[in-house]
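> Here's a structure for you.
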Amino acid sequence: MPTFDYRCCACGEYFEVFVRGEEAVCCPECASQELEKLLSMPALKTDNTHAQAMSAAKRRDKRQARDNYWSQRDYERAHYEEDTGIKPKYEETPKKYKLTDD
Ligand SMILES: [Zn+2]
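So the sequence shown is residues 90 to 191, counted in the numbering used here.
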């Protein structure tokens with residue numbers, strides 16, 4: 090059953106109504122039918138918070154992947170140099186590790 094939030098234009102009362110079909114809605118305070126239908130703010134807020142949380146988590150994962158990659162890289166290079174006495178030259182970042190913060 091969908092519910093809608095309304096504001097009464099006559100007395101300013103805010104109220105929520107279960108809408109059944111085309112049934113006319115009127116203000117529970119003054120019975121006026123001059124009503125303003127409102128967007129359901131709590132639902133919107135929840136969606137935004139969720140989206141923000143998801144995008145924050147994604148950014149964190151990307152950063153972590155990049156950090157892991159570079160510490161692995163440093164480790165390997167240190168060992169390569171230790172074993173061979175040659176300073177490794179590969180500084181290029183492979184495409185799949187090119188991460189952005191957006
Ligand atoms: Zn009213």
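Ideal Cβ positions, reconstructed from N, Cα and C, are used throughout, including at glycine.
According to DSSP, R96 sits in a beta bridge with which residue or residues?
In DSSP, R96 forms a bridge with Y103 and E125.
> Exposed or buried, Y103, counting other C-beta atoms within 10 Å across all chains shown (16 or more means buried)?
So Y103 counts as exposed.
> Do L124 and C97 have their C-beta atoms closer together than 7 Å?
A contact, by the Cβ cut-off of 7 Å.
> Give every residue whose Cβ lies closer than 5 Å to any heavy atom of ligand 1, listed in chain order.
Listed by chain position, these are C97, A99, C100, E102, C116, E118, C119 and S121.
> What's the C-alpha gap between P91 and V106?
In a straight line, the C-alpha of P91 is about 8 Å away from that of V106.
> When the Cα of K126 is compared with those of V108, E118 and M143, which residue comes out closest?
Ranking V108, E118 and M143 by Cα distance to K126 puts V108 first.
> Can you tell me which of A140, Y95, T138 and A145 puts its alpha carbon nearest to the alpha carbon of P117?
Ranking A140, Y95, T138 and A145 by Cα distance to P117 puts Y95 first.
> For A142 and R152, I'd like the C-alpha separation in whole angstroms.
Going from the Cα of A142 to the Cα of R152 covers about 15 Å.
> Closest by CA to G110, which one among Y164, Y158, D172 and F93?
Here the closest residue by C-alpha is F93.
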